[in-house]
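Chemist:
There are 2 protein chains.
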Amino acid sequence: MSDASATAEDTSPDTVNKRRQIRPKAERRQQLIDATIRCIAQHGLSAVTMQMVTSEAGLSAGIANLHFESKENLLRETLRFVAEEYHDGQIEIMEGSRIPNLSERLDALLDFQLGRGVTQRQKMSVWFAYYGEAGARPVYQKIVSTVDRLAAQKLEAFFTEIILDGQYRDVDPRDLATGYSALIDGLHLGLLVTPRELSKRRARSVAREFLRRAFPQHIP
Amino acid sequence: MSDASATAEDTSPDTVNKRRQIRPKAERRQQLIDATIRCIAQHGLSAVTMQMVTSEAGLSAGIANLHFESKENLLRETLRFVAEEYHDGQIEIMEGSRIPNLSERLDALLDFQLGRGVTQRQKMSVWFAYYGEAGARPVYQKIVSTVDRLAAQKLEAFFTEIILDGQYRDVDPRDLATGYSALIDGLHLGLLVTPRELSKRRARSVAREFLRRAFPQHIP
DNA sequence: CCTCAGAATGAATGATTGTTCATTCCCGAT
DNA sequence: ATCGGGAATGAACAATCATTCATTCTGAGG
Chain B
3 MSDASATAED TSPDTVNKRR QIRPKAERRQ QLIDATIRCI AQHGLSAVTM QMVTSEAGLS
63 AGIANLHFES KENLLRETLR FVAEEYHDGQ IEIMEGSRIP NLSERLDALL DFQLGRGVTQ
123 RQKMSVWFAY YGEAGARPVY QKIVSTVDRL AAQKLEAFFT EIILDGQYRD VDPRDLATGY
183 SALIDGLHLG LLVTPRELSK RRARSVAREF LRRAFPQHIP
Chain E
3 MSDASATAED TSPDTVNKRR QIRPKAERRQ QLIDATIRCI AQHGLSAVTM QMVTSEAGLS
63 AGIANLHFES KENLLRETLR FVAEEYHDGQ IEIMEGSRIP NLSERLDALL DFQLGRGVTQ
123 RQKMSVWFAY YGEAGARPVY QKIVSTVDRL AAQKLEAFFT EIILDGQYRD VDPRDLATGY
183 SALIDGLHLG LLVTPRELSK RRARSVAREF LRRAFPQHIP
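Protein chains in written order, with this note's numbering: chain B, 3 to 222; chain E, 3 to 222.
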């Protein structure tokens, strides 16, 4: 929106470019998925059209049907990408090869899940747009279930490790992991729907207090 | 789907009735809202059409535009109804004129939020369908925000009462209310999207444990 | 420099959908 | 009984959308 001086030939990647370019298939697919994410975040899943996506990607109308078979396919692959991206990031932290200290790893998890990222709001919108449809679409349920199950197992293992380290009593790692995951989902929902009443800072504080009550020795 | 024997004149309310009936405006509006809820739960918000809704209600095609100005209006009023119904039920319990005992009131709240009700799943679907679109639709955000704020205030007051009664230290009622609300939302999400991995019983147990950690004297 | 496989285009198409409104006909008031 | 206001109908309409495919054009290999 800033550099729109169409005086000479324009070869910048983001602005309108008349020249047709041929790119590898994988690159075009990702380009279309990224455009779909932006469209869902801005207009809502139910308002997204193919023209909207291809226009956002700066490409022609028929290209989405060329690289994905149909609109349904494009939306399904977009969900899969967002779901895997989120859970992969989570799992990388929890497996903990990077951060050996358990307290620091808890903080890193909090930062990843509730930290600030400009693009974070876009991802949340997409996330819940699909959740909203999941009740009626078994395909979406299956994608989310698959990645969710793995993340839940890793979280349970992570909590088990903390429980052993702190010798905590009367704490079931499975129930605690379920509760923590639900809490994070609910906080994301609050950040998305009522951002005026729930700041990111307070959301992080609330989640931290949940962990502090469960693992007082690991959270100051 | 069971009693479909079209042998004689049919005057039952739910089955197909040829005879045209004139009913009060308010009744027709509610009838259409109920049909909309069922359609959203079954097919998803993005797949709902006017014909689907009017057919589900057993009425003619143009009637939705007669009682609501447009489709957008119908969807907006449906959201308002579901949101108010849920929060009114919550508030009635928390105000506690019915149940004086605080522990019993906590249990009643858990039962209402995570109890079994056949229609519960339908309402959850609608709830999250709108949440998914809320990120892109300020109108939805405003409706949810309005009812949510009132419920949050009542919950905070309720928790404050419990804190005073139990003389709990180091517990902020506002943060606790935010956390509990988020936890319930997250559990609803789990019940909707991954029902195989989260039973209602376990969801209730997880929420109860959250409360027990905060109010040990009030939850056995 | 030339060639051509196949990537990209975008106008055309058929299907779907929200909305309208002329017509029908129910039901309470007279 | 009957009359009229207005609730209900449903066929028709205009707009929108996903998808197709004949055509254009690119860029790497010969």
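C-beta: ideal position from N, C-alpha, C; glycine also.
Remember, it's a predicted structure, so these values are computed and weren't measured experimentally.
Using alpha carbons as the reference points, say which of E:P197, E:T196, E:L108 lies closest to E:Y182.
Modeler: Your numbering for residue 182 of chain E matches position 180 in the second sequence. Nearest of E:P197, E:T196, E:L108 to E:Y182, Cα basis: E:L108.
Chemist: In or out: E:T51 buried (at least 16 other Cβ within 10 Å) or exposed?
Modeler: Your numbering for residue 51 of chain E matches position 49 in the second sequence. When all chains shown are included, E:T51 counts as exposed.
Chemist: Report the CB separation of B:A138 from E:G192 in whole angstroms; it is logged as a contact under 8 Å.
Modeler: Taking the first sequence and counting its residues from 1, the one referred to as residue 138 of chain B is at position 136. Taking the second sequence and counting its residues from 1, the one referred to as residue 192 of chain E is at position 190. Actually they do not touch by this definition, with Cβ atoms about 17 Å apart.
Chemist: Looking only at C-alpha atoms, which of B:F83, B:L200, B:F161, B:D187 sits nearest to B:R214?
Modeler: In the first sequence, counting from the first residue as 1, residue 214 of chain B sits at position 212. Comparing Cα positions, the closest option is B:F161.
Chemist: What does the Cβ neighbour count give for B:K20, buried or exposed, with the cut at 16 atoms within 10 Å?
Modeler: Locating residue 20 of chain B in the first sequence gives position 18, counting from the first residue. It is exposed - the Cβ of B:K20 has fewer than 16 other Cβ atoms within 10 Å.
Chemist: Going by the beta-carbon positions, is the gap between E:V173 and E:L189 smaller than 8 Å?
Modeler: In the second sequence, residue 173 of chain E corresponds to position 171, counting from 1. In the second sequence, residue 189 of chain E corresponds to position 187, counting from 1. Going by C-beta atoms, E:V173 is not nearer than 8 Å to E:L189.
Chemist: Less than 8 Å between the CB atoms is what I'm expecting for E:S127 and E:A43, so what's the real figure, rounded?
Modeler: For the purposes of this step, residue 127 of chain E is taken as residue 125 along the second sequence, with counting starting at 1. For the purposes of this step, residue 43 of chain E is taken as residue 41 along the second sequence, with counting starting at 1. The pair is a contact, with the Cβ atoms about 4 Å apart (cut-off 8 Å).
Chemist: Can you pull the chain E neighbours of B:I186, defined as C-beta to C-beta under 9 Å?
Modeler: Walking along the first sequence from the start, residue 186 of chain B turns up at place 184. Under the 9 Å cutoff, chain E gives A184, G188.
Chemist: Out of B:A136, B:E58, B:R198, point me to the one whose CA is closest to B:D36's CA.
Modeler: Against the first sequence, residue 36 of chain B aligns to sequence position 34. Out of B:A136, B:E58, B:R198, B:E58 has the C-alpha closest to the C-alpha of B:D36.
Chemist: So what does DSSP say about B:L61, is it helix, strand or coil?
Modeler: Counting from one through the first sequence, the residue named residue 61 of chain B turns up at place 59. Coil, per DSSP.
Chemist: Please list the terminal residues of the continuous alpha helix (DSSP H) segment that includes E:F160.
Modeler: The residue you call residue 160 of chain E lines up with position 158 of the second sequence. Residues 140 to 168.
Chemist: Which ranges does the alpha helix (DSSP H) cover as unbroken runs of at least 4 residues, wholly within the region 101 to 137 of chain B, from first to last along the chain?
Modeler: Listed in chain order, the complete alpha helix (DSSP H) runs (minimum 4 residues) inside the region 101 to 137 of chain B are 104 to 116, 122 to 136.
Chemist: Measuring straight from C-alpha to C-alpha, what distance separates E:G98 and E:E106?
Modeler: Here residue 98 of chain E refers to the residue found at position 96 of the second sequence. Here residue 106 of chain E refers to the residue found at position 104 of the second sequence. Computed Cα separation, rounded: 10 Å.
Chemist: At which residues does the alpha helix (DSSP H) containing E:E199 begin and terminate?
Modeler: Counting from 1 along the second sequence, the entry for residue 199 of chain E is found at position 197. Where E:E199 is concerned, there is no enclosing alpha helix (DSSP H), given that its DSSP letter is neither H nor E.
Chemist: Please classify B:Q53: does DSSP put it in a helix, a strand, or coil?
Modeler: As a working mapping, residue 53 of chain B is identified with position 51 in the first sequence. Looking at B:Q53 - three-state DSSP - the assignment turns out to be helix.
Chemist: Look at the alpha carbon of E:D113 and the alpha carbon of B:Y142, and state the distance between them as a whole number of angstroms.
Modeler: For the purposes of this step, residue 113 of chain E is taken as the residue at position 111 of the second sequence. For the purposes of this step, residue 142 of chain B is taken as the residue at position 140 of the first sequence. Approximately 29 Å between the Cα atoms of the pair.
Chemist: Which chain E residues are close to B:H45, counting only those with a beta carbon under 8 Å from its beta carbon?
Modeler: Your numbering for residue 45 of chain B matches position 43 in the first sequence. The answer, in chain order, is A138.
Chemist: Between the region 152 to 171 of chain B and the region 89 to 96 of chain B, can you find at least three pairs of beta-carbon atoms closer than 8 Å?
Modeler: Segments in contact, yes.
Chemist: Can you look up B:P175 in the DSSP assignment and give me helix, strand or coil?
Modeler: What you label residue 175 of chain B is simply residue 173 of the first sequence in a count that begins at 1. Reduced to three states, the DSSP call for B:P175 is helix.
Chemist: Quick one: list the residues of chain B neighbouring E:Q143, beta-carbon separation under 8 Å, in chain order.
Modeler: Taking the first residue of the second sequence as position 1, residue 143 of chain E is located at position 141. Under the 8 Å cutoff, chain B gives V195, T196.
Chemist: Buried or exposed: which applies to E:A10, given that a residue is buried once 16 or more other Cβ atoms fall within 10 Å of its Cβ?
Modeler: For this step, residue 10 of chain E is matched to residue 8 along the second sequence. Residue confidence is low: E:A10 scores 36 on pLDDT, short of 50, so the model does not pin down where it sits. Its coordinate-derived value is still stated next. Counting Cβ neighbours within 10 Å, E:A10 comes out exposed, since fewer than 16 surround it.
Chemist: Just confirm the distance between the C-beta atoms of E:T80 and E:I145, as a whole number of angstroms; I'd bet it's less than 8 Å.
Modeler: What you label residue 80 of chain E is simply residue 78 of the second sequence in a count that begins at 1. What you label residue 145 of chain E is simply residue 143 of the second sequence in a count that begins at 1. That pair is no contact at about 10 Å.
Chemist: Can a CB atom of chain E be found closer than 8 Å to the CB of B:V146?
Modeler: The residue given as residue 146 of chain B occupies position 144 in the first sequence. Yes, because at least one Cβ of chain E sits closer than 8 Å to the Cβ of B:V146.
Chemist: Distance, Cα to Cα, B:R210 vs B:I221?
Modeler: Position 208 of the first sequence, counting from 1, holds the residue named residue 210 of chain B. Position 219 of the first sequence, counting from 1, holds the residue named residue 221 of chain B. Going from the Cα of B:R210 to the Cα of B:I221 covers about 8 Å.
Chemist: How would you list, in chain order, the residues of chain B whose beta-carbon sits under 8 Å from the beta-carbon of E:E199?
Modeler: If you number the second sequence from 1, residue 199 of chain E lands on position 197. Near E:E199 (Cβ distances below 8 Å), the residues of chain B are S147, D150, R151, A154.
Chemist: Would you say B:A131 faces chain E, with C-beta separation under 8 Å as the test?
Modeler: Within the first sequence, the letter at position 129 stands for residue 131 of chain B. Closer than 8 Å: yes.
Chemist: When the Cα of B:T56 is compared with those of B:E29, B:Q33, B:R25, which residue comes out closest?
Modeler: As a first step, residue 56 of chain B is located in the first sequence; it is residue number 54 there, counting from the start. With distances taken between Cα atoms, B:T56 lies closest to B:Q33.
Chemist: Between B:R171 and chain E, is any beta-carbon pair separated by less than 8 Å?
Modeler: As a working mapping, residue 171 of chain B is identified with position 169 in the first sequence. Judged by the 8 Å Cβ criterion, B:R171 is not in contact with chain E.
Chemist: Taking buried to mean at least 16 other C-beta atoms within 10 Å of its own C-beta, is E:S7 buried or exposed?
Modeler: Here residue 7 of chain E corresponds to residue number 5 of the second sequence, with the count starting at 1. Because E:S7 carries a pLDDT of 39, less than 50, the predicted location of this residue cannot be relied on, and no value is offered for it.
Chemist: Might you give, ordered along the chain, the residues of its own chain that have their beta carbon closer than 6 Å to the beta carbon of B:M54, omitting 5 neighbours on each side?
Modeler: If you number the first sequence from 1, residue 54 of chain B lands on position 52. If we look at B:M54 and ignore the five residues flanking it on each side, its Cβ neighbours are C41.
Chemist: Here's the rule: buried if 16 or more other CB atoms are within 10 angstroms of the residue's CB, otherwise exposed. What is E:D150?
Modeler: In the second sequence, counting from the first residue as 1, residue 150 of chain E sits at position 148. Answer is buried; the Cβ neighbour count reaches 16.
Chemist: Output the boundary residues of the alpha helix (DSSP H) element that contains B:K73.
Modeler: By one-based count along the first sequence, residue 73 of chain B stands at place 71. Residues 73 to 97.
Chemist: State the DSSP-derived secondary structure class of B:R210, mapped to helix, strand or coil.
Modeler: Within the first sequence, numbered from 1, the residue matching residue 210 of chain B stands at position 208. In this structure, B:R210 counts as helix in the three-state DSSP scheme.
Chemist: Can you give the Cα-Cα distance for B:L166 and B:P175, rounded to whole angstroms?
Modeler: For the purposes of this step, residue 166 of chain B is identified with residue 164 of the first sequence, where counting begins at 1. For the purposes of this step, residue 175 of chain B is identified with residue 173 of the first sequence, where counting begins at 1. The alpha-carbon atoms of B:L166 and B:P175 are separated by roughly 10 Å.
Chemist: Are the beta-carbon atoms of B:G134 and E:A85 separated by less than 8 Å?
Modeler: Within the first sequence, residue 134 of chain B is the residue found at index 132, counting from 1. Within the second sequence, residue 85 of chain E is the residue found at index 83, counting from 1. Not a contact, by the Cβ cut-off of 8 Å.
Chemist: Go through its chain and collect everything with a Cβ distance to E:L116's Cβ below 7 Å, but skip five positions before and after it.
Modeler: Taking the second sequence and counting its residues from 1, one reaches residue 116 of chain E at position 114. For E:L116, where only same-chain residues beyond five positions count, the Cβ hits under 7 Å are L189, K202, A205, R206, A209.
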